[in-house]
Amino acid sequence: MVYYHQGSVPGYYSALLLFPETESAVVDLINSILLNDAVDWISRPYASALFQFPEPAEYVALAKEKLAKEGGKESKASELNLTRFDKTIP
0 MVYYHQGSVP GYYSALLLFP ETESAVVDLI NSILLNDAVD WISRPYASAL FQFPEPAEYV
60 ALAKEKLAKE GGKESKASEL NLTRFDKTIP
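Shown next, in the form of structure tokens:
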């Protein structure tokens with residue numbers, strides 16, 4: 000079971016995932032102007048790594064797919080961040 004909450008105010012985004020059965024949590028805090036739901040895209044791979052899911056989703060590919068559906072609004076900065084993020088997840 001997971002309890003999940005996400006929030007934002009202009010320039011700040013947060014996500015909180017609580018796993019009461021294992022007394023674990025994932026907390027992401029971002030101060031940026033985002034083109035998509037980055038805080039959610041970042042939280043999920045960490046939760047997957049925390050519990051060592053045997054077949055974690057390809058979150059970077061899913062984020063790029065979402066950006067493409069939004070009319071290709073991906074900037075060079077967000078493309079760089081997705082590439083950097085892809086290298087940090089096992």
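Residue numbers (numbering that gives the first Met the number 0): 0 to 89. All C-beta atoms, glycine included, are put in the ideal place defined by N, C-alpha and C.
Buried versus exposed call for residue 61 [16 or more other C-beta atoms within 10 Å across all chains shown]: For the purposes of this step, residue 61 is taken as the residue at position 62 of the sequence shown. Residue 61 should be labelled exposed.
Unbroken beta strand (DSSP E) run spanning residue 36, endpoints: Locating residue 36 in the sequence shown gives position 37, counting from the first residue. No beta strand (DSSP E) holds residue 36; DSSP gives it neither H nor E.
Residue 56 in three-state terms, based on DSSP: Stepping through the sequence shown from its first residue, residue 56 is reached at position 57. Residue 56: coil per DSSP, three-state reduction.
Backbone CA spacing between residue 90 and residue 67 [nearest angstrom]: The shown model of the chain, from 0 to 89, leaves out residue 90, and the question about it has no answer.
Those residues which DSSP pairs with residue 67 across a bridge: Position 68 of the sequence shown, counted from the first residue, corresponds to residue 67. Looking at the DSSP assignment, residue 67 forms no beta bridge with any residue, so it has no partner.
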